[in-house]
Amino acid sequence: MNGAVVRWASVGRDRGPAVAVLGAVGLATCVAVIAGNGNPALAVVPVALATALYVMAKAPLRVSVSALVLLVLSLDRSGDAAGIWNTPVAILGDLLSNTLQHAIRVPVPLSGLDLAALYLLAVGALRGATRAAAEQEARGRAAGAISQFLWLYVLGLAFADLNGAVRGAGIGLYKLRQLLEIPLLFLLFDRAFRTPRDLRLIGRVVVAGACVKSVLALAVQNVFAPALTGGQLAHATNHGDSVLFSIAIFLVVVDFTERVHPHRWRRIGVILPLLVMGVIANDRRIAWVMLAVGLVTAYVLSPPRRWKRAVTRGVLIAAPVLVLYVAVGWERAGGIFAPVHTIRSLTDSSIDSSAFWRDVENWNIAVSIREQPILGIGLGREYTEHMRGDDISSIFADFRAWPHNSVLGLLLFAGPIAFTAIWSLFGFTAFLAIRAYRVAVRPDERAAALGCVAAVIACAVLAFSDTGAYHPQYRVFSALALAIAGKVAVSSGAWPRRAEPRGA
Numbered sequence: 001m002n003g004a005v006v007r008w009a010s011v012g013r014d015r016g017p018a019v020a021v022l023g024a025v026g027l028a029t030c031v032a033v034i035a036g037n038g039n040p041a042l043a044v045v046p047v048a049l050a051t052a053l054y055v056m057a058k059a060p061l062r063v064s065v066s067a068l069v070l071l072v073l074s075l076d077r078s079g080d081a082a083g084i085w086n087t088p089v090a091i092l093g094d095l096l097s098n099t100l101q102h103a104i105r106v107p108v109p110l111s112g113l114d115l116a117a118l119y120l121l122a123v124g125a126l127r128g129a130t131r132a133a134a135e136q137e138a139r140g141r142a143a144g145a146i147s148q149f150l151w152l153y154v155l156g157l158a159f160a161d162l163n164g165a166v167r168g169a170g171i172g173l174y175k176l177r178q179l180l181e182i183p184l185l186f187l188l189f190d191r192a193f194r195t196p197r198d199l200r201l202i203g204r205v206v207v208a209g210a211c212v213k214s215v216l217a218l219a220v221q222n223v224f225a226p227a228l229t230g231g232q233l234a235h236a237t238n239h240g241d242s243v244l245f246s247i248a249i250f251l252v253v254v255d256f257t258e259r260v261h262p263h264r265w266r267r268i269g270v271i272l273p274l275l276v277m278g279v280i281a282n283d284r285r286i287a288w289v290m291l292a293v294g295l296v297t298a299y300v301l302s303p304p305r306r307w308k309r310a311v312t313r314g315v316l317i318a319a320p321v322l323v324l325y326v327a328v329g330w331e332r333a334g335g336i337f338a339p340v341h342t343i344r345s346l347t348d349s350s351i352d353s354s355a356f357w358r359d360v361e362n363w364n365i366a367v368s369i370r371e372q373p374i375l376g377i378g379l380g381r382e383y384t385e386h387m388r389g390d391d392i393s394s395i396f397a398d399f400r401a402w403p404h405n406s407v408l409g410l411l412l413f414a415g416p417i418a419f420t421a422i423w424s425l426f427g428f429t430a431f432l433a434i435r436a437y438r439v440a441v442r443p444d445e446r447a448a449a450l451g452c453v454a455a456v457i458a459c460a461v462l463a464f465s466d467t468g469a470y471h472p473q474y475r476v477f478s479a480l481a482l483a484i485a486g487k488v489a490v491s492s493g494a495w496p497r498r499a500e501p502r503g504a
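Take UniProt numbering: the final residue in the sequence shown is number 504, and no numbers are missing along the way.
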């Protein structure tokens, strides 16, 4: 009798956590239905969330993190497509990209991506402590100096924020959360992606996300927008997708040049046109700038090869025709000269109101830097409008405290010393990637290293042109570039390995 009681008590203890979880899910389901005025669809949310957390805890970390990255890159958000049409899962995109307070009015100053990253980091740490079977692979080590640059980054941001608080701006949690998400995601990616096959996995995730967004952009411009408005929209998705599109196209091209093979012609012939059509449908000029600068950089860095010699000959032969084409089309718009007009609109503010407004904003920031040329005015404060530009407060109330040119803006807010500490992280990322590319022998490592360079370039261009860290794509790709560059630099021998801990 006593033995039966002991066995029953043991079973009860084993089932206790499961019963508690089921009870919590049931209670959350009831609360969701009541809060949603009886909407049965809300009853699915707690069950789906519990299922997702369980799967994330059981799956290999690289799979869970890759799925999370794919969701962030491929899901639309409620502000996309001018807000006239969204997919049924746009709310999930909002939850991942925005704080819960902003997305669903829950007073939590963290985004779904932040919470998922913290949860997966906890899962990874627990597996590391218990040596779970799913994590038995040898962990690839990243360049040890990364931690020093991360500390510089965090300390620079802390100084800028405290400086702003002292000057009456308060603690800029909204901006800090977005800027600090980069080191948080780096820690997650550094733990999740460990082996050469992980390089291929994350590359496929990026290209897959871009393909989904391309299909979505084409559907918006050719199906939904004409049906709802009678014409096409100025933009199909969001500005951050320029980073996604440019990096995905870059990866497809570089993968082909690093491993020329007949079957890759089929891949590049299907995927590349879809991605290019996505860029055209989204109609963001800056995407072409990101792609062009990335490809030119790859051309300069690459060693002499057959494809490089062919490109060089082609450019030299076509140069006179290109010069004539640009000269003739400089004063024309539309038709075959549309690309020339796009280039001119990027450099000549007299023909583009958006470019003119950016010039005014940049001038105001440059003059405002004189107010505190060494320490900066502090994060959370606003630049002074010495010259009035367009008032966009109705669509972006924080535009003076988070200007489009976030590089110049950060120089204003943080001052040159803290600014250098913050931006040195991205310079070091590019340095590691270029060094790794020069030394690496494996095609996967070489393509990944160039992809990191392209990511740094694309994120820098977005930071110069349109608020940078405001977009989740900027934060994801900045962290990915740092994590992968650090791993490839060590695995290729471009950077010395950290000393193994004693007893390892």
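Where a beta carbon is used, it is the ideal one built from N, C-alpha and C, also for glycine.
What are the start and end residues of the alpha helix (DSSP H) that includes residue i?
| i | result |
| --- | --- |
| residue 111 | Element bounds for residue 111: n/a, residue is neither H nor E. |
| residue 148 | 146-166 |
| residue 464 | 443-465 |
| residue 335 | Element bounds for residue 335: n/a, residue is neither H nor E. |
| residue 439 | 406-439 |
| residue 196 | 196-219 |
| residue 375 | Premise fails: residue 375 is in no alpha helix (DSSP H) and is neither H nor E. |
| residue 403 | Careful: residue 403 lies outside any alpha helix (DSSP H) and carries neither H nor E. |
| residue 233 | No alpha helix (DSSP H) holds residue 233; DSSP gives it neither H nor E. |
| residue 299 | 285-301 |
| residue 491 | 472-491 |
| residue 314 | 306-329 |
| residue 72 | 61-74 |
When DSSP builds the beta bridges, which residues end up paired with residue i?
| i | result |
| --- | --- |
| residue 257 | DSSP lists no partner for residue 257. |
| residue 99 | 111 |
Give every residue of the same chain whose Cβ lies closer than 8 Å to the Cβ of residue i, excluding the five residues on either side of it in the sequence, and list them in chain order.
| i | result |
| --- | --- |
| residue 423 | 407 and 410 |
| residue 513 | In the structure as shown, the chain starts at 1 and stops at 504, and residue 513 therefore has no counterpart that could be examined. |
| residue 305 | 257 |
Thinking C-beta only, is residue j closer than 8 Å to residue i?
| i | j | result |
| --- | --- | --- |
| residue 547 | residue 177 | Outside the shown range of the chain (1 to 504) lies residue 547, about which nothing can therefore be said. |
| residue 293 | residue 488 | no |
| residue 215 | residue 476 | no |
| residue 243 | residue 459 | yes |
| residue 480 | residue 455 | yes |
| residue 301 | residue 434 | yes |
| residue 377 | residue 385 | no |
| residue 465 | residue 286 | yes |
| residue 82 | residue 233 | yes |
| residue 374 | residue 412 | no |
| residue 103 | residue 188 | no |
| residue 53 | residue 444 | no |
| residue 249 | residue 218 | no |
| residue 235 | residue 471 | no |
| residue 418 | residue 159 | yes |
| residue 210 | residue 278 | yes |
With 16 as the cutoff for other CB atoms within 10 Å, does residue i come out buried or exposed?
| i | result |
| --- | --- |
| residue 147 | exposed |
| residue 312 | exposed |
| residue 137 | Note that residue 137 has pLDDT 44, beneath the 50 cutoff, so the model's placement of it is unreliable and the number below is only indicative. Burial call: exposed. |
| residue 163 | buried |
| residue 379 | buried |
| residue 354 | exposed |
| residue 229 | exposed |
| residue 168 | exposed |
| residue 320 | exposed |
| residue 263 | exposed |
| residue 496 | exposed |
Suppose the cutoff is 6 Å on Cβ atoms and the five residues either side in sequence are ignored; what does the same chain contact list for residue i look like?
| i | result |
| --- | --- |
| residue 425 | 149 and 153 |
| residue 205 | 66, 69 and 70 |
| residue 463 | 406 and 407 |
| residue 457 | 293 and 294 |
| residue 34 | In this predicted model, residue 34 has a pLDDT of only 49, less than 50, meaning its place in the structure is not dependable enough to derive any value. |
| residue 186 | 479, 482 and 483 |
| residue 132 | Here residue 132 scores only 45 on pLDDT, less than 50, and its place in the model is too uncertain to base an answer on. |
| residue 307 | 257 |
| residue 246 | 287, 290, 291 and 458 |
Within the same chain, show all residues whose beta-carbon is closer than 7 Å to that of residue i, passing over the 5 residues directly before and after it, in chain order.
| i | result |
| --- | --- |
| residue 93 | 75, 76 and 77 |
| residue 241 | 213, 282 and 473 |
| residue 361 | 389, 403, 404 and 405 |
| residue 254 | 298, 447, 450 and 451 |
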